[in-house]
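Working notes, structure below.
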Amino acid sequence: MKRVRPKSNELRPEYKRSDFKKLERGKYYERIRAKSNVVVLDPEVAAVFPNSAAVNKALHSLVKVAVSASARTSGSRRRSQIRRPGA
């Protein structure tokens, strides 16, 4: 004889609806959104990289170059702004 299963929307007798808090829609939405940062690449860019680690490595290299280039150019600007006597 088969066991009769209760309908999925019925509570077991030992539970009461009042035992549960009222549900809040989107309670953890911001927390989850902050942890997941999905970036979609164009197909021609995605074809160059085999996986996400390769993309991250390339981006880290690009940031490193950009920071060092920025440091070099900002120093040259400061020197050019210094007025020389008699000039």
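The sequence shown: position 3 = 3 (our numbering), numbered continuously. Heads up, the beta-carbon is just placed ideally off N, CA and C, and yes, glycines get one too.
Short Cβ contact (7 Å threshold) for residue i with residue j
| i | j | result |
| --- | --- | --- |
| Phe49 | Val40 | no |
Coarse secondary structure for residue i, derived from DSSP in three states
| i | result |
| --- | --- |
| Leu41 | coil |
| Ala47 | coil |
| Glu30 | helix |
| Lys21 | coil |
| Lys2 | coil |
| Lys35 | helix |
| Lys16 | coil |
| Asn56 | helix |
Any non-hydrogen atom of the ligand PLP within 6 Å of residue i CB
| i | result |
| --- | --- |
| Val45 | By its list of ligands, the structure shown contains no ligand whatsoever, and the ligand PLP lies outside what it can speak to. |
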